[in-house]
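**Q** Sharing a structure below in structure tokens format, with a few things to ask.
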Amino acid sequence: MKKTLISLFALLLATQVTFSQTTPEQQEIINLSKTKWQWMADKEADKLAELFDDKSVFVHMGGSWGKQREVDIIRSGGIWYKQADIHEVSVEIIDNTAILLNRITLVAEVGGREVTNPFEVTEVYIKKADGWKLGSLSFTRLMTPGGQ
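Sequence positions in the sequence shown follow mature numbering (1 follows the signal peptide of the UniProt record, and there is no 0) and run -20 to -1, 1 to 128.
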């Protein structure tokens, strides 16, 4: 009985490890997303402008807009993405499109006021000839206690 339980536990552990592994391409997207969050915190508007596709869209709690407005808002400090604490991340790749989901706690300064919100963030990346470009960034505020 003891051997059976140990074998079952080992099998379950191996299954968990298998499901949590990412492919090199998925890891590339995860790393790109982390870099993007750092650039947002550092207000690196020029680097973000290179990452954002010209047709990209951004959905926030206060509205939606395109690349130029997002870059201008970051450059001016209208929204300062100070810190994104990432709690969970997943990536699905479909052909030349990567869909990344981040469950985060975001500390931001909006209009000179610091706010902290739990979000599920959807990032859509498109693989182009010159690399991955961000096509969409959408923030969905979580309403559950603690954002979990």
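The beta carbon of each residue, even a glycine, is placed where N, CA and C say it ideally should be.
Helix, strand or coil, according to DSSP, for residue -6 in the structure here?
**A** Here residue -6 scores only 38 on pLDDT, less than 50, and its place in the model should not be relied on; the value that follows carries that caveat. Residue -6: helix per DSSP, three-state reduction.
**Q** Residues in its own chain within less than 6 Å of residue 72 by CB, not counting five upstream and five downstream?
**A** Excluding positions up to five away in sequence, the list reads 79.
**Q** Got a sec? Which residues, its chain only, sit under 7 Å from residue 84 by beta carbon, not counting five neighbours each side?
**A** Excluding positions up to five away in sequence, the list reads 64, 65, 66, 67, 99, 101.
**Q** Got a sec? Which residues, its chain only, sit under 8 Å from residue 5 by beta carbon, not counting five neighbours each side?
**A** The answer, listed in chain order, is 73, 78.
**Q** Do the stretch 39 to 56 and the stretch 5 to 14 meet, that is, are 3 or more Cβ pairs less than 8 Å apart?
**A** Segments in contact, no.
**Q** Could you give the distance in angstroms between the alpha-carbon of residue 43 and the alpha-carbon of residue 91?
**A** Taking the straight line from one Cα to the other gives about 15 Å.
**Q** Whose CA, out of 2, 33, 1, 17, lies closest to the CA of residue 108?
**A** Out of 2, 33, 1, 17, 33 has the C-alpha closest to the C-alpha of residue 108.
**Q** Can you list, in chain order, the residues of its chain with a C-beta nearer than 8 Å to that of residue 39? Leave out the 5 residues immediately preceding and following it.
**A** 116, 117, 118, 119, listed in sequence order.
**Q** Under three-state DSSP, which class holds residue 76?
**A** The answer is coil: DSSP assigns residue 76 none of H, G, I, E or B.
**Q** Give me, in chain order, the residues of the same chain whose beta-carbon lies closer than 6 Å to that of residue 29; leave out the 5 immediate sequence neighbours on both sides.
**A** Closer than 6 Å at the Cβ level, and outside the excluded window around residue 29, lie 51.
**Q** Please list, in chain order, all residues of the same chain as residue 129 whose beta carbon is under 6 Å from its beta carbon, the five residues on each side excluded.
**A** The structure shown does not extend to residue 129, since the chain spans only -20 to 128, so no value can be given for it.
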